[in-house]
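As structure tokens, then:
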């Protein structure tokens, strides 16, 4: 893969609770 | 015994499994110590993100041959839910979208279905990834396009 790591900072998506995580931030390391 | 708490093969234990299903550091905590047992939990089908669980599990020692890639090992096998409750907080947590698969290259665990971005966990369960910031959406699209190619 192009990326060594991709980390998403998430919370529970209250509108789709139990089925979705809401991403607040994405960090990449190539 | 096995693991840092010296569990015996077949021993029944109680564990706390928290709401951050699939997150970095998502490990069950052994009760009453509230600490990681360093043994993986298997067979907990039906686990839902966003819920804290107290469960029963049974220690299962692996007695087969040792594999080059680590292979199967000792584990805690899910044996029923004692209680579950919806997590009401808003703590953020981290999810890794890249997974190393032995043998092979690292994989980006992301696909797009219609307008939805989907991430799947090692258990096979899937979770949708949503966003409010359009910049996050464009980054996910970039990852997906690269992954597709």
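Residue numbers (the numbering used here), protein chains in the order written: chain A, 4 to 33; chain B, 4 to 152.
For every residue, glycine included, the Cβ atom is placed at its ideal position computed from N, Cα and C.
Contact check for residue 130 of chain B and residue 25 of chain B: beta-carbon distance about 7 Å, within the 8 Å limit, so the pair qualifies. Residues of the stretch 93-126 of chain B that bring their beta carbon within less than 7 Å of a beta carbon in chain A comprise 93, 95, 96, 97, 98, 99, 100, 101, 108, 109, 110, 111, in sequence order. Beta-bridge partners of residue 134 of chain B (DSSP): A:26.
Distances from the CA of residue 76 of chain B to each of B:150, B:5, B:152, B:149 were compared; the closest alpha carbon is that of B:5.
Under the three-state reduction of DSSP output, residue 40 of chain B falls in the coil class, being neither helix nor strand. Annotation: Cβ neighbours of residue 146 of chain B in chain A (cutoff 7 Å, chain order): 9.
Scanning the stretch 49-122 of chain B for uninterrupted beta strand (DSSP E) segments of 3 residues or longer gives 54-63, 78-89, 96-99, 101-103, 109-111, 114-116, listed from N- to C-terminal end. The beta carbon of residue 140 of chain B sits closer than 8 Å to those of 134, all from its chain and outside the five residues before and after it, given in chain order.
Listed along the chain, the chain A residues whose CB falls inside 9 Å of the CB of residue 52 of chain B are 15, 20, 21, 22, 23, 24. In the three-state reduction of the DSSP assignment, residue 141 of chain B falls in the helix class. A distance below 6 Å between beta-carbons, with the five flanking residues on each side excluded, links residue 26 of chain A to the following residues of its chain, in chain order: 11, 13. Fewer than three beta-carbon pairs drawn from the stretch 112-123 of chain B and the stretch 80-92 of chain B are found closer than 8 Å, and the two stretches are therefore not classed as touching.
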